[in-house]
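Taking it in order: structure first as structure tokens, then the write-up.
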Amino acid sequence: MTFASAVGAIAAFIGGLLIYSWQKRLDRQTEMLRERREAYNAYVSAAETMGAHTIDSEGDTDNQKVAEYRAALARLQILATDAVLSAAIAHKDALNNLQSCLSEEGHQVNLGSAFVTELKAFEILLTEMRKDNLKPFRLPANVTRYWGRNLI
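According to the numbering used here, numbering within the sequence shown proceeds without interruption in unit steps and concludes at 161.
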């Protein structure tokens, strides 16, 4: 075996390892994005159900719907980005405020503003979810540099 063929074999092996680790990183990123999308979908569904039920029942909520909503929110706390999570918490606070306005007679005056606040918080949340889902795909910096040159 000549020196050149040994160097070639070692270079091919190292190149294979680098490509494999890069592909695994991309696979993990894709899987995390898929899980976040599922969590976003579950939260949106639970929040819409909870909001509609809160309005229909005038603040008297069903324990099953509350449990579904809280489970969806907990999953967001684990998987979501910071921007989505802060928007979800703001939406949760607005939904709680709407629920208290509906359930207490003294707060009926603030019902219109509570409803508008909840809708705005929900729109902000959806915007943050959309931003997270539509981020331009970028390769990690250590992959895009090759001997000091930027490949992308």
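Quick reminder that beta carbons are idealized off the backbone N, C-alpha and C, glycines included. The model shown is predicted, which means the values in this text are computed figures rather than measured ones.
Quiz item: Between the stretch 79-87 and the stretch 120-130, do three or more beta carbon pairs fall short of 8 Å?
Solution: no
Quiz item: Are the stretch 98-114 and the stretch 10-23 touching, with three or more C-beta to C-beta distances below 8 Å?
Solution: no
Exercise. Name the residue from A61, Y49 and A92 whose alpha carbon lies nearest to the alpha carbon of L82.
Key: Y49
Quiz item: Are the CB atoms of A80 and I133 nearer to each other than 8 Å?
Solution: no
Quiz item: Do Y78 and A103 have their C-beta atoms closer together than 8 Å?
Solution: no
Quiz item: Does DSSP put A89 in a helix, in a strand, or in coil?
Solution: coil
Exercise. Determine the contact status of T1 and L107, defining contact as a CB-CB distance below 8 Å.
Key: Residue 1 is absent from the structure shown; the chain starts at 10 and stops at 161.
Quiz item: For E137 versus V93, is the C-beta distance shorter than 8 Å?
Solution: yes
Quiz item: From which residue to which residue does the alpha helix (DSSP H) around L143 run?
Solution: Where L143 is concerned, there is no enclosing alpha helix (DSSP H), given that its DSSP letter is neither H nor E.
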